[in-house]
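Visitor: Before I ask anything, let me first share the structure, which is written out below as C-alpha cells.
Printed below as a string of C-alpha cells:
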C-alpha cells in the first residue's frame, strides 16, 4: 500500500473476539473477509461464550486464544478486549520478526 508520499503504509488489523457472521444469510463472512486486505491480522479469541460466530479462529489471522486465561468474574465475550487492554499490546505495531505465518 502506498501513501502517495513515497513511503510505505502498513495495515495491521486487530480483532477482539469478532462477530464473524454477516446477518443470517452469510455465516462465513468473517472467515472469508476479515484480514483479507491487511498486511497483518491478529485475533484475540475466547471460545467458551454463548455469542454466535465468535468462537472459532479466522483463517487469515494469527490467533491468540485467551480462553483459559480468563478470570471467572469476566464474561467470556468481554475477555479478549479486557486481556488486550491490560496486555500493553494496545496500539502497538507487530514487528516483522513477531509475525506468524498466515494464509492470504
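Numbering (this note's numbering), first residue to last: 678 to 781. Cβ atoms here follow ideal geometry from the backbone N, Cα and C, with glycine treated the same way. Every value quoted in this text rests on a predicted model; they were computed, and no experiment measured them.
If we count the other Cβ atoms within 10 Å of its Cβ and call it buried at 16 or more, is residue 737 buried or exposed?
Guide: Label assigned to residue 737: buried.
Visitor: Between 735, 706 and 725, which has its C-alpha nearest residue 748's C-alpha?
Guide: It is 725.
Visitor: When you compare each of 692, 687 and 696 to residue 730 by their alpha carbons, which one comes out closest?
Guide: Considering only alpha carbons, the answer is 696.
Visitor: For the candidate residues 755, 720 and 687, whose alpha-carbon lies nearest to that of residue 727?
Guide: Ranking 755, 720 and 687 by Cα distance to residue 727 puts 755 first.
Visitor: State yes or no: is the C-beta of residue 707 within less than 8 Å of the C-beta of residue 735?
Guide: Contact flag set, yes.
Visitor: May I ask which residues mark the beginning and end of the alpha helix (DSSP H) holding residue 758?
Guide: Per DSSP, residue 758 belongs to the alpha helix (DSSP H) from 756 to 764.
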